[in-house]
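Here's the structure, in structure tokens; my notes come after.
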Amino acid sequence: MAIIGDWGTGEARAQALLRAVAQHRPDVLIHLGDIYYSCDMREADAFFRNVTAAFPPGSAQVFTLCGNHDMYGGGVPYYALLDRIGQPASFFCLRNASWQILAMDTGYNDFDPFQGGTAATWVQDGTDAHGRPAADQYSELEWHEHKFATAGSRRTVLLSHHPLFTRNSPISGSVCNERLQAQIRQWLPQVALWLWGHEHSQVVYTTFSGVTRGRCLGASAIPVPGTDTPYDVSRNFPRGQDAPGLQNDPLTRLGIDQATGLYDLGYGVLTLAGATGTMRYYGFNETSGARLVWEETL
1 MAIIGDWGTG EARAQALLRA VAQHRPDVLI HLGDIYYSCD MREADAFFRN
51 VTAAFPPGSA QVFTLCGNHD MYGGGVPYYA LLDRIGQPAS FFCLRNASWQ
101 ILAMDTGYND FDPFQGGTAA TWVQDGTDAH GRPAADQYSE LEWHEHKFAT
151 AGSRRTVLLS HHPLFTRNSP ISGSVCNERL QAQIRQWLPQ VALWLWGHEH
201 SQVVYTTFSG VTRGRCLGAS AIPVPGTDTP YDVSRNFPRG QDAPGLQNDP
251 LTRLGIDQAT GLYDLGYGVL TLAGATGTMR YYGFNETSGA RLVWEETL
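Quick note on numbering: the sequence shown equals residues 1 to 298 in my numbering.
As structure tokens, then:
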């Protein structure tokens, strides 16, 4: 199972990464969301054509989560794209005897580009932006709760576009997205791994805020200058709140391509064999191709 994040730029560098991903011959390709800039009809069509160029029909089942950029164009092209790839909804669950891959839609409520990237989004739960009951809203959250409640002995890999926490900026004034945390807190002991995108970096966090393994995989396309500091702690965090830590292994961080001065791109490959899961993290640039940078057993 290959995982890419924030990949939908249509640029040559992103397409080169996807060709490298295809060399792993995954059964499933999951995009953690964001087709740039606003997932209009032209951009959604380009995403489809670029994905199928690397993964022809029948080679892998493709899924794409809902990110904020997917909603900036109103959402209609995104949902039409789901029909084209055979994905029944913007949230889904894949199960075998030992695992469930549970994907949440955190993009639906992050449709305003003027609110910035630090707003606290949430899984649709039958309420409005102020937490008040809204009769015209469905509850995706109840669907996820049912999946957790009926998982049995299965372990869960949770997927979302937005992070629960980050080192780069406060989320609605806090280190954690408190609204999303309240929705999912009771189920976190079942979560072996939580993968998200949104930020254009590849980050392996230490255990934080009830999440045993929180990982950002949003570095699959957007160019990030090597002068940026994506692994540093934001100076804007509220006083008295601890920032999430990083794994004490420099290999978990993406390198800088000396030919371009940009951070390498990144992606992940999850292998499930019975009750054992192995997550491998890769760096990629067009000079040296893909390289395994770190792996962990779940």
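For every residue, glycine included, the Cβ atom is placed at its ideal position computed from N, Cα and C.
query: Do V21 and I4 have their CB atoms nearer than 8 Å?; result: yes
query: Assuming contact is defined by CB atoms lying nearer than 8 Å, are P163 and H198 in contact in what I supplied?; result: yes
query: Give me, in chain order, the residues of the same chain whose beta-carbon lies closer than 8 Å to that of I256; leave out the 5 immediate sequence neighbours on both sides.; result: G226, L262, Y263, D264
query: Leaving out five residues on either side along the sequence, give the residues of the same chain with a beta carbon under 6 Å from the beta carbon of P223.; result: L262
query: Return helix, strand or coil for M324, following the three-state DSSP convention.; result: For the chain, the structure presents residues 1 to 298; residue 324 sits outside this window and is missing.
query: Given the structure, does H162 come close to the ligand PLP, in the sense that its CB is under 7 Å from one of the ligand's heavy atoms?; result: Of the ligands one can find in the structure shown there are none, so the ligand PLP has no counterpart to examine.
query: Less than 8 Å separating the beta-carbons of H200 and D6?; result: yes
query: Would you tell me roughly how many angstroms separate the C-alpha atoms of R13 and L217, rounded to the nearest one?; result: 16 Å
query: Look at the alpha carbon of R280 and the alpha carbon of G126, and state the distance between them as a whole number of angstroms.; result: 37 Å
query: Can you check DSSP and say which residues form a bridge with G92?; result: According to the sequence shown, residue 92 is Phe rather than Gly. Its beta-bridge partners are A103.
query: So does the region 177-196 actually touch the region 239-250, counting three or more Cβ pairs closer than 8 Å?; result: no
query: Have a look at the DSSP bridge pairing and note the partners of V203.; result: C216
query: Tell me the DSSP bridge mates of N285?; result: G289
query: In terms of residues, what are the limits of the beta strand (DSSP E) holding Y108?; result: Note, Y108: premise wrong, no beta strand (DSSP E); not H, not E.
query: Sort E11, H24, I30, P113 by Cα distance to S38 and report the nearest one.; result: P113
query: Let me confirm a value: Q186 is counted as buried when at least 16 other C-beta atoms fall within 10 Å, else exposed. Which label applies?; result: exposed
query: Thinking C-alpha only, which one of G277, V123, Y231, R155 is nearest E140?; result: V123
query: What residue does the beta strand (DSSP E) around R155 start on, and which one ends it?; result: 155-159
query: Leaving aside the five residues before and after F48 along the sequence, list all residues of the same chain whose C-beta is less than 8 Å from its C-beta, in chain order.; result: L81, R84, I85
query: By a C-beta neighbour count over all protein chains shown, 10 Å radius and 16 as the cutoff for buried, is S288 buried or exposed?; result: exposed
query: Name the two residues that bound the continuous alpha helix (DSSP H) containing L251.; result: No alpha helix (DSSP H) holds L251; DSSP gives it neither H nor E.
query: Among D45, T52, A97, which one has its Cα closest to the Cα of S153?; result: A97
query: Which two residues bound the contiguous beta strand (DSSP E) that contains Y267?; result: 265-273
query: With a floor of 3 residues, list each beta strand (DSSP E) that falls wholly inside the region 15-92, ordered by position along the chain.; result: 28-31, 61-64
query: With a CB to CB cut of under 6 Å and the five nearest residues on each side skipped, what residues in its chain are close to Y205?; result: G214, P244
query: Hey, C66 and G10: beta-carbon distance below 8 Å or not?; result: no
query: Measuring CA to CA, which of F284, T260, Q61, N248 is closest to T207?; result: N248
query: Considering only C-alpha positions, which residue in the set T64, H146, D70, F55 is nearest to L17?; result: F55
query: Under the assumption that L159 contacts A120 (Cβ atoms under 8 Å), give the Cβ distance between them as a whole number of angstroms.; result: That pair is no contact at about 19 Å.
query: Does the separation of the CB atoms of P238 and S174 fall below 8 Å?; result: yes
query: Determine the closest residue to F63 out of F284, Q15, P88, with distance taken between C-alpha atoms.; result: P88
query: Measuring straight from C-alpha to C-alpha, what distance separates E295 and T278?; result: 7 Å
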